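First comes the structure, then the notes that go with it.
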Amino acid sequence: MRLSTGTKLLVSSCLAVVASTQGQPDARGKTPFDYVNPLIGTTNGGHVFPGATLPFGMAKAGADTFGGENQGGFSSDSSPIYGFSHMHDSGTGGSASLGNFPIFAQAGCPNDDINACKYFKTARMSPRINETVHARPGYFDITLQSGVRTEMTVTNHTALYRFTFPETPSTENTTLSPHFLVELTDLPDTRSEGNITVYPDNGRITGGGKFSPSFGVGTYQSYFCLDFDGASIRDAGVWTNTRASNQAQSLKIKPGDSRQSPSLNPAGGWAQFEKPAKGNQMLARVGMSFVSEAQACANAEREVPDVNFDGLVEAAESAWKDKFSVITLNDGGVSDVLLKAFWSGVYRSMISPQDYTGENPFWNDGEPYYDSYYCIWDSFRSIHPLLTILDPHSQTLMIRSLLSIYKHEGFLPDCRMSLCKGNTQGGSNADIVLVDAYLKNITAGIDWALAYEAVVHDAEVEPADWNIEGRGGLASWKTLGYIPTDNLDLDGVGLDTRSISRTVEYAYNDFTIATLARALGHADDAAKYLARSGNWKNMFNPAQTSFLNGTDTGFTGFLQPRFMNGTFGFQDPIYCSPLQNFTACYLNPGGGETYEGPVWLYTFFVPGDMSALIDTLGGSDEFVKRLDWLHESGILYVGDEQAFLNLFLYHYVGRPGKSAERAHQYIPSQFNDTVSGIPGNDDSGAMGSFEALVMMGLYPNAGQDVYFITPPFFESVSITNQQTGNTATIRNINFDPSYKNIYIQSATLNGEPYTKNWITHSFYLEGGVLELTLGPQESAWGTRPEDVPPSLGPFGNMTTSADVDARWMW
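Read left to right, the sequence shown gives residues -23 to -1, 1 to 787 (mature numbering (1 follows the signal peptide of the UniProt record, and there is no 0)).
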């Protein structure tokens, strides 16, 4: 059914926003919304989706490039555009994702012959006109060299496109008669089944297909419902390969079909219209669903019942402004580069995970359902902690969704996308997300007994395939206290690599489980898991040295592979770093004993017991020397998430000023406002949330109630808590926008002297003012043993709750 021509706008309940002050203009006349640039990270491996989306929305309308870095659909390079699709993921490190059922508009067909229009991707694709790409939250706009301009916006499940056609088409012998096609494919061309139906009386096109996820296993079904408005229908039909027909109105592709390969034998539907009645413009509304074509149509009709493109843009902008409104900055005169980097980072942290509630065809238990966790290995470190601060309501829904997945799938996900199980990169890191939420008062509607059951299940039960959930090698983990390089695993199967990184991650997973066990009164479990959290030390070889280009780095003692008989193997501590075989350690056979990073990096990963690590590495002075080498040698790649925490480990040896130095080392050199302005793929907002947290001044140690205090990059930052309504302010005294004064000289909390170099989440819940007096050199502030963040110290033997209480220094 074609859309009506009325102007009334019905904003769906999903778009309704809470009345709030949505950001007053600053001294430059700009609001937070004005500083957001969705194009940051759309080249240089960022893989950011820059198109139109709502916060955590399912519909994500964007332009899709042919070739290049199109994991998020669009890339800010010279690659041509072959279509516009309606769902995307952002920042993925795997293959291109989603991009189902792209549509493409041509101003007309030469000689009015439908078979003279272009159907194959490589034939129809068109370069963009330079300087015509415009993106802001909730809106995207691009003009192709064909002269067709495409604007887009969204509701939760529906994309709305506005096409403006040239009066005189650029193709010879062509008069204006808009021709639209839709293709049964996705970005990575994984379609294995498909169907499409066109309705010649009004131009509606519906269909569906079966596709593969980009970083997981299995397949998923997706459906669409496409309607047009603005001109009378002329003709409609289907097409396959390079030919179109109006003699058939439906098409099915089944396994074994000659059109099985969407890249070699594409197929879809088309509709052609008379000249548009007004301004050479037409609208295309695309409802999406994972349940059925009928639900896709229902979504579109409910969310966009009437034509009001500009009204939808305004509603989307309002939704984003509401999200930004919890933050108030006094920027202190810093550059626009930093303001754009900060607000764009906040924006990207709220693109995913995506709210698919009501769109899960496998179960409906009344709980929220979120998807596109790319991946929790990435997101536990910064995305979820930032959401806990800025949007605890959404974080609560995500926690409930994780528990719903556990109930129905048997394990918490470590990665999940497109309703499919994703690849596990290391530990069972949803454990960290759950415990972090518990410690920070994320409670509404959450069954914490079920959550405890889920994390214990991760720790005790090995799945049949631990490539996609849970942990592998649990028998060795429980008996040997590490994951052997040559592990004999009789309980499950998985990729037998990453023994070092999996060991340190399992150890921290168990640390967080011990934390939750203690809080919920399971004292014996707390003792068991706390003891197991010390297993990292079983892979530490105190005699291992490290050389770079034949020269001894001067440091001895590193994590190393270890065999089942207890002897150590060898992996060069620099291997899998920018200094040596950078890309060797991925999810590939023979990929090394660390994941996406070197032994040098993973030797620092003991977040639960840093005092023991510091002692193991030779004490505070030696620890600082090691950290300095990590940051100054070029071995640390901050474009991968396991690098993040290393900026702040100086806090544990009473050197918070050096943490501040490292923050300014990477921002804005690696995180800025350019299209290549992040150092690695964004991983659904991990890079964005990291830069936002660093610039806010309190960086979390995820899984613990600990925030490291460093000066914000602005004169002051205030956060209003959704749960309590209280406002927490971090204010710099002697702030210098050239950043000569980055060292804290003294601090007060609500007017009282504050000497600890860390703070808890109660600051955000209760509100208050943390005032930091700055200077140009390190001071004695935060340097005493009693000022550093909590740590467990040497473990010894812990078998009872009394042992736990004796060791827990919190």
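The beta-carbon is built from N, C-alpha and C at its ideal position, and this holds for glycine as well.
All values reported here derive from a predicted model rather than from experimental measurement.
Label Ala4 either buried or exposed according to how many other C-beta atoms from any shown protein chain fall within 10 Å of its C-beta, with 16 as the threshold for buried.
Working through the sequence shown from its first residue, we reach residue 4 at position 27. Exposed.
Report the partner residues of Pro345 according to the DSSP bridge assignment.
Locating residue 345 in the sequence shown gives position 368, where the first residue counts as 1. Note: Pro345 sits in no beta bridge, so no partner.
On the CB-based measure, 16 or more other CB atoms within 10 Å of its CB, does Asn464 come out buried or exposed?
Position 487 of the sequence shown, counting from 1, holds the residue named residue 464. By the neighbour-count rule (16 or more Cβ atoms within 10 Å), Asn464 is buried.
Which residue from His628, Ala84, Asn150 puts its Cα closest to that of Arg101?
The residue you call residue 101 lines up with position 124 of the sequence shown. Minimum Cα distance to Arg101 is reached at Ala84.
What is the C-beta distance between Pro538 and Gln548, in whole angstroms, given that I count them as a contact (C-beta under 8 Å)?
For the purposes of this step, residue 538 is identified with residue 561 of the sequence shown, where counting begins at 1. For the purposes of this step, residue 548 is identified with residue 571 of the sequence shown, where counting begins at 1. Contact holds; Cβ gap of about 6 Å.
The beta strand (DSSP E) that contains Glu160, what's its start and end?
On the sequence shown, position 183 is the one that residue 160 refers to. Counting along the chain, the beta strand (DSSP E) containing Glu160 begins and ends at 156 to 160.
Assuming contact is defined by CB atoms lying nearer than 8 Å, are Thr162 and Pro243 in contact in what I supplied?
As a working note, residue 162 is residue 185 in the sequence shown. As a working note, residue 243 is residue 266 in the sequence shown. Yes; because the gap between Cβ atoms is below 8 Å, this pair is in contact.
Determine the DSSP secondary structure at Thr(-3), reduced to helix, strand or coil.
For the purposes of this step, residue -3 is taken as the residue at position 21 of the sequence shown. Since pLDDT at Thr(-3) reaches only 40, below the 50 mark, its modelled position is unreliable, and no value is offered.
Measuring CB atoms only, is the region 375 to 392 touching the region 705 to 718, in the sense that at least three cross pairs come out at less than 8 Å?
no
Ala407 and Leu379 look like a contact to me (Cβ under 8 Å); what is the Cβ gap, rounded to whole Å?
For this step, residue 407 is matched to residue 430 along the sequence shown. For this step, residue 379 is matched to residue 402 along the sequence shown. Contact holds; Cβ gap of about 6 Å.
Take Ala112 and list the residues in its own chain whose beta-carbon comes closer than 6 Å to its own, dropping the five residues that flank it on each side.
Reading the sequence shown from its first residue, position 135 is the one you call residue 112. Excluding sequence neighbours, Ala112 sits near Pro15, Leu16, Pro27.
Compute the beta-carbon to beta-carbon distance between Pro45 and Ser62, rounded to the nearest angstrom, for a pair I have assumed lies under 8 Å.
The residue labelled residue 45 in the question sits at position 68 within the sequence shown. The residue labelled residue 62 in the question sits at position 85 within the sequence shown. Inspection of the sequence shows that residue 45 is occupied by Gly rather than by Pro. About 16 Å separates the two Cβ atoms, so there is no contact after all.
Are Ile655 and Ile612 touching if we call contact CB-CB under 8 Å?
Position 678 of the sequence shown, counted from the start, is the residue given in the question as residue 655. Position 635 of the sequence shown, counted from the start, is the residue given in the question as residue 612. No. Outside cutoff.
Which residue spans inside the region 301 to 379 form an unbroken beta strand (DSSP E) run of at least 3?
The qualifying runs are 304 to 307.
How many angstroms separate the CA atom of Val481 from the CA atom of Phe488?
Stepping through the sequence shown from its first residue, residue 481 is reached at position 504. Stepping through the sequence shown from its first residue, residue 488 is reached at position 511. Cα to Cα, the separation comes out at about 11 Å.
Do you know whose CA, among Ala292, Thr152, Met394, Gly596, lies nearest Thr196's CA?
To locate residue 196, count along the sequence shown from 1; it is residue 219. Measuring from the Cα of Thr196, the nearest candidate turns out to be Met394.
Return the CA-CA distance between Trp216 and Phe117, expressed in angstroms with no decimal places.
Along the sequence shown, one-based indexing puts residue 216 at 239. Along the sequence shown, one-based indexing puts residue 117 at 140. Roughly 28 Å separates the two Cα atoms.
Give the list of continuous beta strand (DSSP E) stretches no shorter than 3 residues that lie fully inside the region 403 to 491.
The qualifying runs do not exist here; there are none.
Does the structure place the region 120 to 136 close enough to the region 313 to 321 that three or more beta carbon pairs sit under 8 Å?
no
How big is the Cα-Cα spacing for Leu622 and Arg358?
Counted from its first residue, the sequence shown places residue 622 at position 645. Counted from its first residue, the sequence shown places residue 358 at position 381. Those two C-alpha atoms are separated by around 8 Å.
For Thr170, tell me which candidate among Gly245, Ser209, Ile210, Ser154 has the shortest Cα-Cα distance.
The residue given as residue 170 occupies position 193 in the sequence shown. As written in the sequence, residue 170 is Glu, which differs from the Thr given in the question. Comparing Cα positions, the closest option is Gly245.
Should Gly50 and Ser326 be called a contact, given that it needs their Cβ atoms to be closer than 8 Å?
Walking along the sequence shown from the start, residue 50 turns up at place 73. Walking along the sequence shown from the start, residue 326 turns up at place 349. Not a contact, by the Cβ cut-off of 8 Å.
Among Ala589, Val630, Leu594, Asn678, which one has its Cα closest to the Cα of Pro620?
Taking the sequence shown and counting its residues from 1, the one referred to as residue 620 is at position 643. In the sequence as displayed, the identity of residue 620 is Ala instead of Pro. Looking at the Cα atoms, Asn678 is the closest of the given residues.
Starting from Arg101, trace the beta strand (DSSP E) in both directions and tell me its first and last residue.
Residue numbering aside, residue 101 sits at position 124 when the sequence shown is read from its first letter. That residue, Arg101, is in no beta strand (DSSP E); its alpha helix (DSSP H) goes 98 to 101.
From the DSSP output, in three-state form, read off Tyr731 for me.
Numbered from its first residue, the sequence shown carries residue 731 at position 754. Coil at Tyr731, not helix or strand.
Assign Pro232 to one of three DSSP states: helix, strand, or coil.
Here residue 232 refers to the residue found at position 255 of the sequence shown. Residue state, collapsed to three classes: coil.
For Gln722, which residues in the same chain have their Cβ closer than 7 Å to its Cβ, ignoring the five residues on either side in sequence?
Working through the sequence shown from its first residue, we reach residue 722 at position 745. For Gln722, where only same-chain residues beyond five positions count, the Cβ hits under 7 Å are Thr750, Leu751, Gly752, Ser756, Trp758.
Under 8 Å Cβ to Cβ from Asn512, same chain only, skipping five residues before and after it: list those, please.
What you label residue 512 is simply residue 535 of the sequence shown in a count that begins at 1. Trp454, Gly458, Tyr459, Thr480, Tyr483, Ala484, Asp487, listed in sequence order.
Beta-carbon separation of Phe267 and Ser199 under 8 Å?
For the purposes of this step, residue 267 is identified with residue 290 of the sequence shown, where counting begins at 1. For the purposes of this step, residue 199 is identified with residue 222 of the sequence shown, where counting begins at 1. Going by C-beta atoms, Phe267 is nearer than 8 Å to Ser199.
Check each candidate in Arg181, Asp617, Ala669, Arg639 and name the one with the smallest Cα separation from Trp606.
Within the sequence shown, numbered from 1, the residue matching residue 606 stands at position 629. Ranking Arg181, Asp617, Ala669, Arg639 by Cα distance to Trp606 puts Arg639 first.
Assess, as a yes-or-no matter, whether the region 667 to 676 is touched by the region 30 to 39 under the definition of 3 or more beta carbon pairs within less than 8 Å.
A contact between stretches requires three or more CB pairs, one per stretch, nearer than 8 Å, and the region 30 to 39 fails this requirement with the region 667 to 676.
Near Pro575, what residues of its chain come up, given a Cβ to Cβ distance below 7 Å and the 5 sequence neighbours on each side ignored?
Within the sequence shown, the letter at position 598 stands for residue 575. If we look at Pro575 and ignore the five residues flanking it on each side, its Cβ neighbours are Pro550, Ile551, Tyr552, Cys553, Ser554, Ile612.
Distance, Cα to Cα, Pro584 vs Lys187?
Against the sequence shown, residue 584 aligns to sequence position 607. Against the sequence shown, residue 187 aligns to sequence position 210. One C-alpha to the other measures close to 42 Å.
Out of Ile696, Phe535, Trp354, point me to the one whose CA is closest to Gly447's CA.
As a working note, residue 447 is residue 470 in the sequence shown. Of all alpha-carbon atoms in Ile696, Phe535, Trp354, the one lying nearest the alpha-carbon of Gly447 is that of Trp354.
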